[in-house]
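Read the structure below first, then the notes.
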Amino acid sequence: MDVDTFREGMDELEKLIRQNPDKAVYAYCTGGIRCDVASSYFHKKGLGKNLRMLKGGITAYGQYMKNNPNKDESLFRGKNFTFDDRRGERITRDVLARCYQCGSACDTMHNCANTQCHLLFVQCATCRARMEKTCSDLCKDVLAGKETWTLEYDYHRQIRPTLAK
């Protein structure tokens, strides 16, 4: 599902369930908490009969894969985003993301050092050093005192920076 928020995901999940009333619909999240909320919500609405959740989320699945000798056969590839300071936990060696600035294969998440921006984005070590931990020349210049931050807060810029105006 191509969604930006949990709330949007719930709407899309409901559409999937309603469009496929006799098919199992599988959902998963980072640690399982949002899936538990979704499961309860849809069961209360009478729509949870064929809804399947991954108990413990991708975090638990990652632990399972670490303890499984067939780890190369993971159904989840790459790094699982986490909402804590780790910013992610590796499930497989696959690197599916690209550096926001240079496009090199990278899956390390950072927040822009300009706290007025604070964009969470993928940045390789080379660009992190070159850009002084910022996401853009504007943010780099703001931190250096060469520019003033005048942009208003835009949630969608934070989660989909290519959509920023």
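When we follow the numbering used here, the leftmost residue of the sequence shown carries the number 48, and every step to the right adds one. Glycine residues also receive a C-beta, built at the ideal position from the N, C-alpha and C atoms.
Taking a C-beta distance under 9 angstroms as the contact criterion, Cys182 and Ser151 do not qualify as a contact pair.
The C-beta distance from Ala74 to Met112 rounds to 19 angstroms, too long to fall under 8 angstroms, and the pair is not in contact. Scanning the segment 107–162 from its first residue to its last, no whole alpha helix (DSSP H) run of 4-plus residues comes out. Assignment of alpha helix (DSSP H) within the segment 160–205, counting only whole runs of 4 or more residues, yields 172–177, 184–191 in chain order.
Here Asn161 has Thr181, Cys186, Val189, Leu190 as same chain residues with Cβ atoms under 6 angstroms from its own Cβ, once five neighbours each way along the sequence are excluded.
Judged by DSSP in its simplified three-state form, Ala85 adopts helix.
Taking a contact as a CB-CB distance under 8 angstroms, the pair Gly109 and Asp154 does not count as one, their CB atoms being some 14 angstroms apart. Looking at the DSSP output, Leu98 bridges to Val72.
With a cutoff of 9 angstroms on beta-carbon distance, Leu198 and Cys149 are scored as not near each other. Around Gly56, the same chain offers Met48, Val50 as residues with beta carbons nearer than 7 angstroms, after the five sequence neighbours per side are excluded. Boundaries for Gly79: no alpha helix (DSSP H) harbours it, and the DSSP string shows neither H nor E there. Counting other Cβ atoms within 10 Å of its Cβ, Gly104 reaches 16 or more and is therefore classed as buried.
In this structure Thr195 does not touch Phe130 by the C-beta definition: roughly 31 angstroms separates them, more than the 8 angstroms allowed. With a 10 Å radius around the Cβ and a threshold of 16 neighbouring Cβ atoms, Phe53 comes out exposed.
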